[in-house]
């Protein structure tokens with residue numbers, strides 16, 4: 079059997095080969111593994127809520143008793159009809175149990191396995207890739223086109239449309255994990271309940287932490303060398319009572335993130351590729367951070383990190399002067415950025 083490529087999985091599942099008795103889902107995206115396994119298992123029976131039709135088994139139980147899977151697969155339903163056995167993931171090897179099943183005849187029974195992130199040499203993955211009765215289906219994090227498809231289909235199925243700019247912002251703010259994406263979309267649809275179209279304001283309201291974004295704006299102004307934005311933002315945070323140590327802590331975390339990214343750039347990795355790894359970064363910040371990566375070197379970032387660490391300690395020792403220390407530190411960073 080030819081191994082199925084990640085991009086072909088959806089097509090294979092839309093038109094499953096009736097000869098296939100075992101479906102192994104594997105990969106790093108546990109949310110996507112669970113979603114696809116659930117869909118295949120429930121689609122394979124007439125009533126997914128009937129425990130005699132859809133049997134759930136923990137993988138550890140099968141590893142402890144390999145014969146159990148074959149016994150379950152060979153059991154006739156109480157009232158006949160199709161059956162599905164849904165095996166939850168385990169770190170233990172269940173390939174011998176699956177091999178025993180594949181050597182027999184599966185009649186009106188489908189076995190669906192959540193395999194976890196299996197290596198190419200994994201016995202279970204190798205077994206299913208080589209079998210004429212099994213499919214090994216990779217599940218990797220959603221990116222680009224796939225993520226857009228998930229967003230479009232989910233919103234459409236729930237009666238929503240979305241503005242073009244709102245869609246772009248939403249996709250940029252989502253990570254690759256399918257389960258996390260579903261959760262964020264559920265929150266967005268709940269917020270937009272009662273309206274037909276989702277706007278950019280809706281996306282900002284759900285996907286953004288306003289206070290955090292205000293602090294990020296100050297930090298970005300400092301690392302971009304924008305004195306005006308830094309001054310206005312700092313005054314606003316001070317008026318809101320944001321602790322100076324918290325602000326410098328945010329700047330320190332940002333500098334450490336930039337250093338890691340910059341080292342990758344200096345090792346020869348393209349900046350766009352490095353930016354793709356920053357999935358937790360808010361979409362509005364990505365163009366700013368990309369410019370910062372071009373502006374700063376690893377050496378200059380190490381100097382900034384040392385400055386922030388020293389002055390963060392000073393804000394604790396000289397609590398009465400913490401706002402002054404923080405303001406001067408960020409101004410020094412802005413001056414360094416301009417140089």
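Numbering (the numbering used here), first residue to last: 79 to 417.
Built from N, CA and C at the ideal position, the CB exists for glycine as well.
1) Does DSSP classify residue 301 as helix, strand or coil?
2) What residue from 270, 327, 260 has the CA that sits closest to residue 237's CA?
3) Are residue 101 and residue 215 close, meaning C-beta to C-beta below 8 Å?
4) Tell me whether the beta-carbon of residue 123 lies closer than 8 Å to the beta-carbon of residue 91.
5) According to DSSP, is residue 166 helix, strand or coil?
6) Taking 8 Å as the threshold (C-beta atoms), are residue 191 and residue 165 in contact?
7) Measuring only the C-alpha atoms, how far is residue 306 from residue 281?
8) Expressed to the nearest angstrom, what Euclidean distance is found between the alpha-carbon atoms of residue 134 and residue 205?
9) From residue 372 to residue 333, what does the alpha carbon distance come to, in whole angstroms?
10) In chain order, what residues of the same chain lie with their CB nearer than 7 Å to the CB of residue 105, ignoring the 5 residues before and after it?
11) Please report how far the alpha carbon of residue 301 lies from the alpha carbon of residue 162, in whole angstroms.
12) Could you tell me whether the Cβ atoms of residue 148 and residue 178 are closer together than 8 Å?
13) Less than 8 Å between the beta carbons of residue 389 and residue 337, yes or no?
14) Between the Cα of residue 408 and the Cα atoms of 398, 150, 310, which residue gives the shortest distance?
15) Three-state secondary structure (DSSP) at residue 354?
16) Quick one: what does DSSP say residue 172 is sitting in, helix, strand or coil?
17) Going by DSSP in three states, residue 275 sits in which element: helix, strand or coil?
18) Excluding the 5 residues preceding and the 5 following residue 295 in the sequence, name in chain order all residues of the same chain whose CB lies nearer than 6 Å to its CB.
19) Residues bridged to residue 239 by DSSP?
Walking through what the data contain:
1) Working through the chain shown from its first residue, we reach residue 301 at position 223. Here residue 301 sits in helix by DSSP.
2) The residue you call residue 237 lines up with position 159 of the chain shown. Distance check between residue 237 and each of 270, 327, 260 places 270 closest, using alpha-carbon atoms only.
3) Start at 1 with the first residue of the chain shown, and residue 101 comes out as number 23. Start at 1 with the first residue of the chain shown, and residue 215 comes out as number 137. Against a cut-off of 8 Å, the Cβ pair of residue 215 and residue 101 comes out as a contact.
4) Here residue 123 refers to the residue found at position 45 when the chain shown is read from its first residue. Here residue 91 refers to the residue found at position 13 when the chain shown is read from its first residue. Going by C-beta atoms, residue 123 is not nearer than 8 Å to residue 91.
5) Position 88 of the chain shown holds residue 166. In the structure shown, residue 166 sits in a strand (DSSP, three-state: E or B).
6) In the chain shown, counting from the first residue as 1, residue 165 sits at position 87. In the chain shown, counting from the first residue as 1, residue 191 sits at position 113. It is a contact, given that the beta carbons lie within the stated cut-off.
7) As a first step, residue 306 is located in the chain shown; it is residue number 228 there, counting from the start. As a first step, residue 281 is located in the chain shown; it is residue number 203 there, counting from the start. One C-alpha to the other measures close to 28 Å.
8) Here the question's residue 134 lines up with position 56 in the chain shown. Here the question's residue 205 lines up with position 127 in the chain shown. Those two C-alpha atoms are separated by around 22 Å.
9) The count along the chain shown starts at 1 and reaches residue 372 at position 294. The count along the chain shown starts at 1 and reaches residue 333 at position 255. One alpha carbon belongs to residue 372, the other to residue 333, and they sit about 14 Å apart.
10) In the chain shown, the residue the question calls residue 105 occupies position 27. If we look at residue 105 and ignore the five residues flanking it on each side, its Cβ neighbours are 111, 195, 216, 217, 218.
11) Stepping through the chain shown from its first residue, residue 301 is reached at position 223. Stepping through the chain shown from its first residue, residue 162 is reached at position 84. Roughly 56 Å separates the two Cα atoms.
12) On the chain shown, residue 148 is found 70 positions in, with the first residue counted as 1. On the chain shown, residue 178 is found 100 positions in, with the first residue counted as 1. Cβ atoms of residue 148 and residue 178: closer than 8 Å.
13) As a first step, residue 389 is located in the chain shown; it is residue number 311 there, counting from the start. As a first step, residue 337 is located in the chain shown; it is residue number 259 there, counting from the start. Contact: no.
14) In the chain shown, counting from the first residue as 1, residue 408 sits at position 330. It is 310.
15) Along the chain shown, one-based indexing puts residue 354 at 276. In the structure shown, residue 354 sits in a helix (DSSP, three-state: H, G or I).
16) As a first step, residue 172 is located in the chain shown; it is residue number 94 there, counting from the start. DSSP places residue 172 in coil when its eight states are reduced to three.
17) Translated into the one-based positions of the chain shown, residue 275 becomes position 197. Three-state DSSP puts residue 275 in a strand.
18) On the chain shown, residue 295 is found 217 positions in, with the first residue counted as 1. Result list for residue 295: 311, in chain order.
19) Translated into the one-based positions of the chain shown, residue 239 becomes position 161. Bridge partners of residue 239: 275.
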